[in-house]
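Q: I have a structure I would like to understand better, so I am pasting it below and will then ask my questions one at a time.
Shown next, in the form of structure tokens:
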């Protein structure tokens, strides 16, 4: 993984448009005629469009029961309890966990509470591992945190225990905390098991961000959390805790009845449900890696070992009428009704992000359409 900061490596970035905005434009560019092919989206990381990625009936019933009880129609208190973070391998107290409206709000809160005039944060550029030498070169006295995403989006990387320990040791030397985005936590299906960054909270302060969205397949529930992992340090100071609670009070949280259902959802979800999700994702990752080998103008540096997406390199010099990744994706949507996210949306020009959280048959058909599209446009 490469790291970007002001004055660091220059990367391409879209101006004034979000990932959802680009995907919306691509969807609008598909052929809307009645004879058109069915749209297959491999752009948005929302697996719930496919029946193979539905959550459990027990989870849905828990929400229904909480809503019908009429006990959870009011405001909820700030903070939470340890039950919101399933199976932590380290000790947590109730005041360590703050419930948020999805992982997106957890990110917003984390960045806001550590912000100060002149501060900077080291953000990850899509890649496989953290380049710790680059981190140390980029950090200065105004660096307050470094962000990691594990398992990784968009490359599908999963960090080893040793690499995470080295990250924590580097952060300790620099005097910074680590913000660990673990929204894809436990969705690991390669050689490396998922290791929560929080296990290294004794080395350096860690703010862990997570949600139920991906593992429980309920992104629309908007149930996330922010966890402080720092038994002896600054994240336990009354001043920091007060600032964090006040910010959470201002922001509000997820629907109260969703929060009320969480303990029953966690306790009632069997391991077979998680195993099914992992098995489908592994199968789809393998399918992507093999199918991409058949497409001459696209290459995949690494097979995804976690999360729900991978990045592939687009060689536009092998295509006669495609100028860049954005042009490729718009023409692909128009001609084949397949939606793929152009790499420029995540700062990588002439790369493509493929989300493989799809029905295996639909994924296979989509990749065949991509292959046909590339053959038609070959030089």
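In this note's numbering, the protein residues as written are 289 to 667. The C-beta atom is built at its ideal place from N, Cα and C for all residues, glycine as well.
With a threshold of 8 Å, are at least 3 pairs of Cβ atoms found where one atom belongs to the region 433-443 and the other to the region 402-419?
A: Yes: the two stretches touch, three or more of their Cβ pairs being nearer than 8 Å.
Q: With DSSP as the reference, identify every bridge partner of residue 641, one or two as the case may be.
A: Reading the chain shown from its first residue, position 353 is the one you call residue 641. The partner list for residue 641 (beta bridge, DSSP) reads 599, 629.
Q: Which residue from 617, 610, 634, 654 puts its Cα closest to that of residue 667?
A: By 1-based counting over the chain shown, the position of residue 667 is 379. Comparing Cα positions, the closest option is 610.
Q: By the three-class DSSP mapping on this structure, what secondary structure does residue 409 have?
A: Numbered from 1 along the chain shown, position 121 holds the residue referred to as residue 409. DSSP places residue 409 in strand when its eight states are reduced to three.
Q: DSSP state of residue 434, grouped into three classes?
A: As a working mapping, residue 434 is identified with position 146 in the chain shown. The answer is strand: DSSP assigns residue 434 an E or B state.
Q: Tell me which residue opens and which closes the beta strand (DSSP E) that residue 472 is part of.
A: In the chain shown, counting from the first residue as 1, residue 472 sits at position 184. That residue, residue 472, is in no beta strand (DSSP E); it is neither H nor E in DSSP.
Q: Between the beta-carbon of residue 511 and the beta-carbon of residue 550, is there less than 8 Å?
A: For this step, residue 511 is matched to residue 223 along the chain shown. For this step, residue 550 is matched to residue 262 along the chain shown. Yes.
Q: Could you give the C-beta distance for residue 435 and residue 401, rounded to a whole number, given that I count them as a contact under 8 Å?
A: Translated into the one-based positions of the chain shown, residue 435 becomes position 147. Translated into the one-based positions of the chain shown, residue 401 becomes position 113. Residue 435 to residue 401, Cβ: 14 Å. No contact.
Q: I'd like to know whether the C-beta atoms of residue 329 and residue 475 end up nearer to each other than 8 Å.
A: Taking the chain shown and counting its residues from 1, one reaches residue 329 at position 41. Taking the chain shown and counting its residues from 1, one reaches residue 475 at position 187. Against a cut-off of 8 Å, the Cβ pair of residue 475 and residue 329 comes out as no contact.
Q: Since residue 511 is in the beta strand (DSSP E), which residue starts that stretch and which ends it?
A: Position 223 of the chain shown, counted from the first residue, corresponds to residue 511. Run containing residue 511: none; DSSP gives neither H nor E here.
Q: So, at 6 Å on beta carbons, what are the nonlocal neighbours of residue 347 in its own chain, with the 5 sequence-adjacent residues on each side left out?
A: For this step, residue 347 is matched to residue 59 along the chain shown. Excluding positions up to five away in sequence, the list reads 553.
Q: Rounding to the nearest angstrom, what Cα-Cα distance links residue 393 and residue 619 in this structure?
A: Position 105 of the chain shown, counted from the first residue, corresponds to residue 393. Position 331 of the chain shown, counted from the first residue, corresponds to residue 619. Near 34 Å, if we compare the C-alpha coordinates of residue 619 and residue 393.
Q: Where does residue 445 fall in DSSP's three states?
A: Translated into the one-based positions of the chain shown, residue 445 becomes position 157. DSSP places residue 445 in coil when its eight states are reduced to three.
Q: Taking the continuous alpha helix (DSSP H) assigned at residue 635, which residues delimit it?
A: Residue numbering aside, residue 635 sits at position 347 when the chain shown is read from its first letter. Residue 635 -> no alpha helix (DSSP H), and no H or E assigned at all.
Q: Kindly provide the ranges of any beta strand (DSSP E) runs that are 3 or more residues long and lie completely inside the region 477-552, ordered along the chain.
A: If we require 3 residues or more, the beta strand (DSSP E) runs fully inside the region 477-552 come out as 494-499, 512-517.
Q: Starting from residue 388 and walking both ways along the beta strand (DSSP E), at which residues does that stretch end?
A: Here residue 388 refers to the residue found at position 100 when the chain shown is read from its first residue. Counting along the chain, the beta strand (DSSP E) containing residue 388 begins and ends at 385-388.
Q: With distances taken between CB atoms, is the gap from residue 514 to residue 342 smaller than 8 Å?
A: As a position in the chain shown, residue 514 is number 226, starting the count at 1. As a position in the chain shown, residue 342 is number 54, starting the count at 1. It is not a contact, given that the beta carbons lie outside the stated cut-off.
Q: Quick one, which of 516, 531, 586 has its alpha-carbon nearest residue 665's?
A: By 1-based counting over the chain shown, the position of residue 665 is 377. Nearest C-alpha to residue 665: 586.
Q: Measure the C-alpha to C-alpha separation of residue 647 and residue 469 and round it to an integer number of angstroms.
A: Residue numbering aside, residue 647 sits at position 359 when the chain shown is read from its first letter. Residue numbering aside, residue 469 sits at position 181 when the chain shown is read from its first letter. If I take the Cα positions, the gap works out to 26 Å.
Q: Rounded to the nearest angstrom, what separates residue 616 and residue 425 at their Cα positions?
A: In the chain shown, the residue the question calls residue 616 occupies position 328. In the chain shown, the residue the question calls residue 425 occupies position 137. Their Cα atoms are separated by approximately 36 Å.
Q: Please state whether the Cβ-Cβ distance between residue 397 and residue 536 is less than 8 Å.
A: In the chain shown, counting from the first residue as 1, residue 397 sits at position 109. In the chain shown, counting from the first residue as 1, residue 536 sits at position 248. Yes, these two residues count as a Cβ contact at 8 Å.
Q: Would residue 593 and residue 478 be called neighbours here (beta carbons separated by less than 8 Å)?
A: Sequence index remark: in the chain shown, residue 593 carries index 305 (1-based). Sequence index remark: in the chain shown, residue 478 carries index 190 (1-based). Yes, these two residues count as a Cβ contact at 8 Å.
Q: The alpha helix (DSSP H) that contains residue 380, what's its start and end?
A: For the purposes of this step, residue 380 is identified with residue 92 of the chain shown, where counting begins at 1. Where residue 380 is concerned, there is no enclosing alpha helix (DSSP H), given that its DSSP letter is neither H nor E.
Q: Is the separation between the beta-carbon of residue 481 and that of residue 473 shorter than 8 Å?
A: Sequence index remark: in the chain shown, residue 481 carries index 193 (1-based). Sequence index remark: in the chain shown, residue 473 carries index 185 (1-based). No. Outside cutoff.
Q: Taking the beta carbon of residue 493 as the centre, do at least 16 other beta carbons fall within 10 Å, making it buried, or is it exposed?
A: In the chain shown, counting from the first residue as 1, residue 493 sits at position 205. Its Cβ being crowded by 16 or more others within 10 Å, residue 493 is buried.
Q: With respect to the alpha helix (DSSP H) encompassing residue 657, which residues constitute its N-terminal and C-terminal limits?
A: As a working note, residue 657 is residue 369 in the chain shown. Element bounds for residue 657: 648-664.
Q: Spatial neighbours of residue 645 within its chain, please: C-beta separation below 6 Å, excluding the five flanking residues on both sides.
A: Start at 1 with the first residue of the chain shown, and residue 645 comes out as number 357. Excluding residues within five positions, the ones whose Cβ falls inside 6 Å are 335, 596.
Q: From 388, 432, 462, 605, pick the residue whose C-alpha is nearest to that of residue 403; which is it?
A: Working through the chain shown from its first residue, we reach residue 403 at position 115. The residue with the shortest Cα to Cα distance from residue 403 is 432.
Q: How about residue 613 and residue 640: do their beta carbons lie closer than 8 Å?
A: One-based indexing of the chain shown puts residue 613 at position 325. One-based indexing of the chain shown puts residue 640 at position 352. Cβ distance < 8 Å, so residue 613 and residue 640 count as in contact.
Q: Output yes or no for whether 8 Å exceeds the beta carbon distance between residue 598 and residue 576.
A: Within the chain shown, numbered from 1, the residue matching residue 598 stands at position 310. Within the chain shown, numbered from 1, the residue matching residue 576 stands at position 288. Yes, they are a contact pair.
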